[in-house]
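Those protein sequences? They're chains D and P, same order as listed.
For what it's worth, full-length UniProt numbering labels the leading residue of the first sequence as 1, then goes sequentially.
For what it's worth, full-length UniProt numbering labels the leading residue of the second sequence as 1, then goes sequentially.
Take a look at the structure below.
2 protein chains.
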Amino acid sequence: MKPENTDCTERCPVLETVTRWTRRKDARPGEILDAALDLFVARGFSATKVEDIARAAGVTAGTIYRYYANKEDILKAVIRESLVPTLQEGEQLIAQFDGSGPELLAFVIRTWWQMHGATKLSGIPKLMIAEASNFPELARFHREEVIARGENLIASAIQFGIDRGEFRPVALDVAVKVVVAPVVMAMVWKNTDICPGLDLDHYLEEVIETLIHGLGARPGDKQNGESEA
Amino acid sequence: MKPENTDCTERCPVLETVTRWTRRKDARPGEILDAALDLFVARGFSATKVEDIARAAGVTAGTIYRYYANKEDILKAVIRESLVPTLQEGEQLIAQFDGSGPELLAFVIRTWWQMHGATKLSGIPKLMIAEASNFPELARFHREEVIARGENLIASAIQFGIDRGEFRPVALDVAVKVVVAPVVMAMVWKNTDICPGLDLDHYLEEVIETLIHGLGARPGDKQNGESEA
DNA sequence: TTAAATTAAATGAACGTTCATTTATTTTAT
DNA sequence: ATAAAATAAATGAACGTTCATTTAATTTAA
Chain D
1 MKPENTDCTE RCPVLETVTR WTRRKDARPG EILDAALDLF VARGFSATKV EDIARAAGVT
61 AGTIYRYYAN KEDILKAVIR ESLVPTLQEG EQLIAQFDGS GPELLAFVIR TWWQMHGATK
121 LSGIPKLMIA EASNFPELAR FHREEVIARG ENLIASAIQF GIDRGEFRPV ALDVAVKVVV
181 APVVMAMVWK NTDICPGLDL DHYLEEVIET LIHGLGARPG DKQNGESEA
Chain P
1 MKPENTDCTE RCPVLETVTR WTRRKDARPG EILDAALDLF VARGFSATKV EDIARAAGVT
61 AGTIYRYYAN KEDILKAVIR ESLVPTLQEG EQLIAQFDGS GPELLAFVIR TWWQMHGATK
121 LSGIPKLMIA EASNFPELAR FHREEVIARG ENLIASAIQF GIDRGEFRPV ALDVAVKVVV
181 APVVMAMVWK NTDICPGLDL DHYLEEVIET LIHGLGARPG DKQNGESEA
């Protein structure tokens, strides 16, 4: 009986030949990023050790430096490969959507939650909030690659509703934050035990309800572009 | 001409005698907490070195351990001494308030912002979001001493509006989060450069407007406690 | 045989905490 | 009052870890 295979690095099927490890140049990066996302989300960027990522990915710390220049580079890659693609997908979904402004806004929030909130990606906002000030280059990357595009997406949905007279003519940059804030907080709460018992789905539906009626056009509203009375 | 007094620790007036330091048993703790809050907020808990706090407070690292058992204890003291008292103050203000439900909600949010958002204390939510999972005891302390009391405060304001028929009968625990989220995010944004150009006061007024109308009672609402039709 | 992939060990800086020692202040005894 | 004695504040160096990154040695695959 063989000893338990506790720290064998191979994951691919190995039949007869007992090799200590196998060369898997193409599979490594993905496995490293998978492990890194899990750990970054659970413990934060600083608190995650490169060696932990390595162990979770079935390699040694040294190996990681063959694929990524440094720890920051790992997180950038995680964002680039797993988060950014979903934004493109989201942009397409919105372009195809057919319905009212309020319906579009609800759709955007629910889709956002399905694609991020309900997945491991929900941990990234907390990560960036926590580490942005200590890793400015990381913050810049995230702002340009993720936030800017995500907010454009929300902005277009709100503008759509304003144009149809269903939302009041709020300042777009501010309104975007009003929509973004409760959703981002939901992701933060999901990845912290700050709010143990909260039913996030219930919360989100209430957010949608509140936003749609809170942003809704009202009798006395002046039209977009009009000057003060 | 004397050499510049670069690292002299004394802050009290010293006339002739050049002393390396003075004993200031009663002044030290406050100065240490002041410095600690600044640094914790700016850099996060983990990233703040005890020696940095010491230097900023005009003492040495060793001195800090005369007053606080460890780094976590410093943060607890900061919260206990600077944040918790403002909650008591807030509770009183609300008890005295005279006005409608929507007016009370707006008052609570503006007061909260004046007392926390506009001060250094605004950095604490970011701090807790960032470190809660790595310092469970700190998280528990914050949840019990700060969050629980703060949410009771919000809850009572919303309940007041529901009782007067001005707000619709939302689930209280969820509604509290709907109110809390955009304010907490404002504090987070204020302490990160995630949203560089945002006008937070404008944002907050829009949040208030949106919440009041979003939570507002509407013709078809069933009364609190009624069963489904 | 060789080059690329991977490991394992080494490096060096950082940091929370401890503690022996120094120094300022307070108390005591005269 | 005063000076010696006692107390307690504060220092600063050192310890013991931890951890990102580097380097050298090994293993694999072609």
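Glycine included, each C-beta is placed from N, C-alpha and C at the ideal position.
According to DSSP, is residue i helix, strand or coil?
i, result
"P/F167", "strand"
"P/G117", "helix"
"P/G216", "strand"
"D/L198", "coil"
"D/R24", "coil"
"D/D173", "helix"
"D/A47", "coil"
"D/F141", "helix"
"P/G150", "helix"
"D/G99", "coil"
"P/A69", "coil"
"P/L90", "Before going further, note that residue 90 of chain P is Gly rather than Leu in the sequence given. Note: P/G90 maps to helix in three-state DSSP."
"D/F135", "coil"
"D/T192", "coil"
"D/G58", "coil"
"P/D34", "helix"
"D/T19", "coil"
"D/D221", "coil"
Tell me the rounded alpha-carbon separation between residue i and residue j.
i, j, result
"P/E209", "P/V41", "29 Å"
"D/E72", "P/A47", "16 Å"
"P/G90", "D/K76", "42 Å"
"D/I154", "P/F107", "29 Å"
"residue 231 of chain D", "D/V207", "Missing from the structure shown is residue 231 of chain D; chain D here goes from 1 to 229 and no further."
"D/C195", "P/S122", "19 Å"
"D/M1", "D/E31", "With a pLDDT of only 31 at D/M1, under the threshold of 50, the placement of this residue in the model should not be trusted; the figure read from the coordinates follows. In a straight line, the C-alpha of D/M1 is about 30 Å away from that of D/E31."
"P/A27", "D/W189", "38 Å"
"P/R140", "P/A132", "8 Å"
"P/N191", "D/P219", "38 Å"
"P/G62", "P/R43", "21 Å"
"P/F97", "D/L200", "32 Å"
"D/W112", "P/L127", "26 Å"
"P/V50", "P/I64", "8 Å"
"P/G58", "P/S82", "20 Å"
"P/Q92", "P/G117", "19 Å"
"D/M115", "D/N70", "28 Å"
"D/G99", "D/A36", "39 Å"
"P/K120", "P/R143", "19 Å"
Since I believe residue j is in contact with residue i (beta carbons under 8 Å), could you give me their beta-carbon distance rounded to a whole number of angstroms?
i, j, result
"D/E145", "D/R80", "7 Å"
"D/V78", "D/L33", "5 Å"
"P/L105", "P/L211", "7 Å"
"D/A186", "D/L204", "6 Å"
"D/A56", "D/L39", "6 Å"
"D/I109", "D/V183", "6 Å"
"P/G216", "P/E166", "7 Å"
"P/E156", "P/I94", "The sequence given here has Ser at residue 156 of chain P, not Glu. Correct: roughly 7 Å between the Cβ atoms."
"D/H202", "P/V174", "6 Å"
"D/G161", "D/P125", "The pair is not a contact, with the Cβ atoms about 25 Å apart (cut-off 8 Å)."
Given residue i, which residues of its chain have a CB within under 6 Å of its CB, disregarding the five upstream and five downstream residues?
i, result
"D/P29", "Y67"
"P/V176", "E151, I154 and A155"
"P/R149", "L87"
"P/T60", "A54"
"D/D193", "none"
So, for residue i: in the same chain, excluding its five sequence neighbours on each side, which residues have a beta-carbon less than 8 Å away from its beta-carbon?
i, result
"D/F135", "F45 and E72"
"P/D221", "R168 and P169"
"P/L198", "W189"
"P/R164", "S100 and G101"
Going by beta carbon distance, what residues of the same chain come within less than 7 Å of residue i, once the five residues before and after it are set aside?
i, result
"D/Q159", "L172"
"D/D52", "L39"
- At a Cβ cut of 8 Å, what residues of the segment 163-178 of chain D count as close to chain P, listed as they run along the chain? Going along the segment 163-178 of chain D in chain order, one finds V170, A171, D173, V174, A175, K177 and V178 with a Cβ nearer than 8 Å to chain P.
- [ ] Could you name the residues of the segment 107-135 of chain D whose beta carbon sits closer than 8 Å to any beta carbon of chain P, in the order they occur along the chain?
- [x] Here the close residues are K126, M128, I129, A130, E131, A132, S133 and N134.
- Message: Closer than 8 Å between beta carbons: that is the criterion. Which residues of the UniProt domain "HTH tetR-type" (26-86) of chain P meet it against chain D?
- Response: Closer than 8 Å at the C-beta level to chain D, one finds these residues of the UniProt domain "HTH tetR-type" (26-86) of chain P: A42, R43, G44, S46 and A47.
Item to complete: Would you list, in chain order, the members of the segment 206-217 of chain D that have their beta-carbon closer than 8 Å to a beta-carbon of chain P?
Response: Taking 8 Å as the Cβ-Cβ cut-off against chain P, the residues of the segment 206-217 of chain D that qualify are E206, V207, E209, T210, L211, I212, H213, G214, L215 and G216.
Any C-beta of chain P within less than 9 Å: which residues of the segment 185-196 of chain D qualify? So the close ones are M185, A186, V188, W189, N191, T192, D193, I194, C195 and P196.
**OP:** Could you please tell me which residues of the segment 144-156 of chain P, in chain order, have their CB closer than 8 Å to any CB of chain D?
**Re:** Taking 8 Å as the Cβ-Cβ cut-off against chain D, the residues of the segment 144-156 of chain P that qualify are I147.
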